[in-house]
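S.K.: In the order they appear, the protein sequences are chains A and B.
Just so we're aligned, residue 17 is where the first sequence starts under this note's numbering, counting upward by one.
Just so we're aligned, residue 17 is where the second sequence starts under this note's numbering, counting upward by one.
Just so it is clear, CB atoms sit at the ideal spot from N, CA and C, and this is done for glycine as well.
Number of protein chains: 2
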Amino acid sequence: MSLVVLGTVALDTVKTPQGKKTNMLGGSAAHFSMAARFFVPVNLVAVIGEDFPARHISFLRHKGINLTSLRKESGKTFRWEGEYHGDMNAALTLNTELGVLSAFHPEISEEEKKMEYIFLANVDPDIQARLLDSIHSPRLVALDSMNYWIKHKQRSLRKLLKRVDILVANDAEAKELSGKHSLFEAAVKLRALGPKMIVIKKGEHGVLFYSDTLNFSLPAYPVRKLVDPTGAGDSFAGGFMGYLAKEGVINKQSIKKAVGYGTVIASYNVEGFGLTRTAKLTMKEINSRFNSYRDNLIL
Amino acid sequence: MSLVVLGTVALDTVKTPQGKKTNMLGGSAAHFSMAARFFVPVNLVAVIGEDFPARHISFLRHKGINLTSLRKESGKTFRWEGEYHGDMNAALTLNTELGVLSAFHPEISEEEKKMEYIFLANVDPDIQARLLDSIHSPRLVALDSMNYWIKHKQRSLRKLLKRVDILVANDAEAKELSGKHSLFEAAVKLRALGPKMIVIKKGEHGVLFYSDTLNFSLPAYPVRKLVDPTGAGDSFAGGFMGYLAKEGVINKQSIKKAVGYGTVIASYNVEGFGLTRTAKLTMKEINSRFNSYRDNLIL
């Protein structure tokens, strides 16, 4: 089953205790795609500017990502600059330049409109809604957002949540959108907003899953050398959605394995700057770490 | 296998968003014992003052805790007052009255000196060392401490750690004692201080286990209604050590199950103020929640 991901393709400048890298290929849709590609064909919907390096495009194409709906517009590519300190659980955003993202109108191919697995990564909820409108018969729709949209476009976001099957949010976003301090209570409240499944990403603390019939926590995979957390959440989402799209069945077993695959790919993602680690990742490495992760959870 | 726990028996006054309770039976050794009793006979070593209510003593005795080495001294019982806000991950200590704890000299029976499973809960490391000196042939010694001793008696603590098999610490203590931001790096550093096994308690985020041959994370059991987190860490330690003492074997399998049992009993502990929930807990309830916890971890 093919998958459509709407999100950002960006040029990231990141500083961590391990060093600094400028204008790396990044963005939610790029990180998501690099993880999901291990399971299903991925169709990336995003916008870039005229300054976007051609080598990044050929890199993504070389990795098998379908770029039919990656639009190039006049103007500058979306840029993000951030740094991490201390336990590296949260980025400090130093600068954001929206560029072409500020007037993004996603348009997808007729073939993509027939696809059933949709991931709406973090962009303006009105843009997310427009993309979803163009899908003929969505089967599984997941959405990620961020504090900015929760604050400034909560009405659009709440309206859209009623049309979404899975909400993927980090712990801070889950608390902000629900107004609850406890993640469990936050999950219950978010469920009431519409999505049947709530996936709360807790960074190094793993994931909380909540639905009417299933709730569980799974830990992160312990990473020896954390280099750059950027994109960990999107890599997780890519592995999670990619696995579900591949399986084509949503049940207790597939959901837990999907969380496991997302967790494992995210753990590789943070071992290198930007996409460097996931770029050379193999399915063999993923399965090897997945098996060790799964074994450690057997009591 | 019988177990000896050295720690505090206290009168706790606790305020949480769920209410306020004054002068409840509390303390590290009390919470530990109430969890460990489900697996092995527990011998509690602590000191109380003349003001300690007789009903608390009969309560503990009624629960099967051996109180031979619970000494009553002239003076006041150790009292702690704290409150929890927001996500309730950390207590704000409002007041501490050491009372008889400030001149505590643990003395144990000849029978207890022959015991092999020892838990040194959070008291002055010099007192912990003295208790350990009196044990003839310890087989498995675990230790918990706190930021106060890390700051003011780190030399004694480090000396003692060389004689200890398992260090049980919460995340803040692990970071403070190791000087590392990442919990994984903290665990590696703490291992180098002596203990073969490092157990880092992360509250609602579960547990990180580290040894030379085994490292894993396990999540907390999701609690629907968090009432009072006081004693969660000690309940965890009680379930963990109690299970290991009962099994009498330390291997990958027993360690993971021990973490699971500790996790489950801690999850019950926080559902009521002080010891109210663990007081009425049954082995059937523990096993039921353990099975559900274990099932959810099967990928």
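Identify every run of the beta strand (DSSP E) within the segment 129-197 of chain B, keeping only runs that are complete inside it and at least 3 residues long; order them along the chain.
M.R.: Entirely contained in the segment 129-197 of chain B, the beta strand (DSSP E) runs reaching 3 residues are, in chain order, 133-136, 156-160, 182-186.
S.K.: Taking the continuous beta strand (DSSP E) assigned at N59 of chain B, which residues delimit it?
M.R.: That run of the beta strand (DSSP E) goes 58-64.
S.K.: Among the residues of its own chain, which have a CB less than 7 Å from the CB of L224 of chain B, if the five just before and after it don't count?
M.R.: Contacts found: L199, A203, I216, K218, S233.
S.K.: What does the Cβ neighbour count give for T84 of chain B, buried or exposed, with the cut at 16 atoms within 10 Å?
M.R.: Classification for T84 of chain B: exposed.
S.K.: Can you tell me which of B:L291, B:R305, B:R146 puts its alpha carbon nearest to the alpha carbon of Y277 of chain B?
M.R.: Among B:L291, B:R305, B:R146, the Cα nearest to that of Y277 of chain B is on B:R305.
S.K.: When you compare the CB of D67 of chain A with every CB in chain B, is at least one pair closer than 8 Å?
M.R.: Chain B contact via Cβ: absent.
S.K.: Around the Cβ of H101 of chain B, are there at least 16 other Cβ atoms within 10 angstroms (buried) or fewer (exposed)?
M.R.: Label assigned to H101 of chain B: exposed.
S.K.: Measuring alpha carbon to alpha carbon, tell me which of B:K241, B:L148, B:N82, B:I64 ends up nearest M104 of chain B.
M.R.: Of the listed residues, the one whose Cα sits closest to M104 of chain B is B:K241.
S.K.: Beta carbon of L76 of chain A, beta carbon of A46 of chain A: below 8 Å?
M.R.: For L76 of chain A and A46 of chain A, yes; Cβs fall inside 8 Å.
S.K.: The alpha helix (DSSP H) spanning D311 of chain A covers which residue range?
M.R.: Element bounds for D311 of chain A: 299-312.
S.K.: Within the 8 Å Cβ cut-off, does P238 of chain B reach chain A?
M.R.: P238 of chain B counts as touching chain A.
S.K.: With H, G and I counted as helix, E and B as strand and the rest as coil, what does DSSP make of N39 of chain B?
M.R.: Residue state, collapsed to three classes: strand.
S.K.: Distance cutoff 8 Å, beta carbons only. Does G195 of chain A sit that close to anything in chain B?
M.R.: Closer than 8 Å: no.
S.K.: Can you name the start and end residues of the beta strand (DSSP E) that E97 of chain A belongs to?
M.R.: First-last of the beta strand (DSSP E) with E97 of chain A: 95-100.
S.K.: Comparing C-alpha positions only, which one of B:Y164, B:M162, B:L136 sits nearest to I151 of chain B?
M.R.: When only C-alpha atoms are compared, the closest one is B:L136.
S.K.: Could you pull the start and end residues of the alpha helix (DSSP H) that R53 of chain B belongs to?
M.R.: Counting along the chain, R53 of chain B falls outside any alpha helix (DSSP H), and DSSP gives it neither H nor E.
S.K.: Mind listing which residues of the segment 197-220 of chain B have their C-beta closer than 9 Å to chain A's C-betas, in chain order?
M.R.: Going along the segment 197-220 of chain B in chain order, one finds H197, S198, L199, F200, E201, A203, V204, K218, E220 with a Cβ nearer than 9 Å to chain A.
S.K.: Which same chain residues end up closer than 6 Å to W96 of chain A when comparing Cβ atoms and leaving out the 5 residues on each side of it in sequence?
M.R.: These residues qualify, in order along the chain: A26, D28, T112.
S.K.: Using CA coordinates, which residue listed in B:K36, B:E66, B:M257 is at the minimum distance from S317 of chain B?
M.R.: Nothing can be reported for residue 317 of chain B: it is not among the residues displayed for chain B, which extend from 17 to 315.
S.K.: Can you list, in chain order, the residues of the segment 225-236 of chain A whose Cβ is nearer than 7 Å to any Cβ on chain B?
M.R.: Going along the segment 225-236 of chain A in chain order, one finds N231, F232, S233, L234, P235, A236 with a Cβ nearer than 7 Å to chain B.
S.K.: Counting contacts by CB-CB distance shorter than 8 Å, is G222 of chain B in contact with chain A?
M.R.: Chain A contact via Cβ: present.
S.K.: In or out: Q144 of chain A buried (at least 16 other Cβ within 10 Å) or exposed?
M.R.: When all chains shown are included, Q144 of chain A counts as buried.
S.K.: Tell me which residues share the same chain as E189 of chain B and place their Cβ nearer than 8 Å to its Cβ, disregarding the 5 neighbours each side in the sequence.
M.R.: Here the set comprises S161, M162, N163, I166.
S.K.: Please name the residues in the segment 86-119 of chain A whose beta-carbon is closer than 8 Å to at least one beta-carbon of chain B, in chain order.
M.R.: Correct list: G102, D103, M104.
S.K.: Would you please verify whether the beta carbon of K272 of chain B is less than 8 Å from any beta carbon of chain A?
M.R.: It does; some Cβ of chain A falls within 8 Å.
S.K.: Just curious, the alpha helix (DSSP H) that K273 of chain B is in, first and last residue?
M.R.: Here the alpha helix (DSSP H) through K273 of chain B covers 268-285.
S.K.: Only counting the same chain, and skipping five residues up and downstream in sequence, which positions put a Cβ closer than 6 Å to that of M40 of chain A?
M.R.: If we look at M40 of chain A and ignore the five residues flanking it on each side, its Cβ neighbours are D28, G290.
S.K.: For K217 of chain B, report the span of its beta strand (DSSP E) as first-last.
M.R.: Its beta strand (DSSP E) spans residues 213-217.
S.K.: Taking Cβ-Cβ distances shorter than 9 Å, what residues in chain A pair up with G42 of chain B?
M.R.: Residues of chain A passing the Cβ test: none, with the nearest at roughly 23 Å.
S.K.: So, using beta-carbon positions, are V184 of chain A and A208 of chain A closer together than 8 Å?
M.R.: The answer is no: Cβ separation not under 8 Å.
S.K.: Considering D28 of chain B, what are the terminal residues of the alpha helix (DSSP H) in which it resides?
M.R.: Not the alpha helix (DSSP H): D28 of chain B falls in the beta strand (DSSP E), residues 26-32.
S.K.: Please state whether DSSP places L110 of chain B in a helix, a strand or coil.
M.R.: In the structure shown, L110 of chain B sits in a strand (DSSP, three-state: E or B).
S.K.: At a Cβ cut of 8 Å, what residues of the segment 126-157 of chain B count as close to chain A, listed as they run along the chain?
M.R.: Of all residues in the segment 126-157 of chain B, none has a Cβ within less than 8 Å of some Cβ in chain A.
S.K.: Among B:E132, B:E123, B:A107, whose alpha-carbon lies nearest the alpha-carbon of G264 of chain B?
M.R.: It is B:E132 whose Cα lies nearest to the Cα of G264 of chain B.
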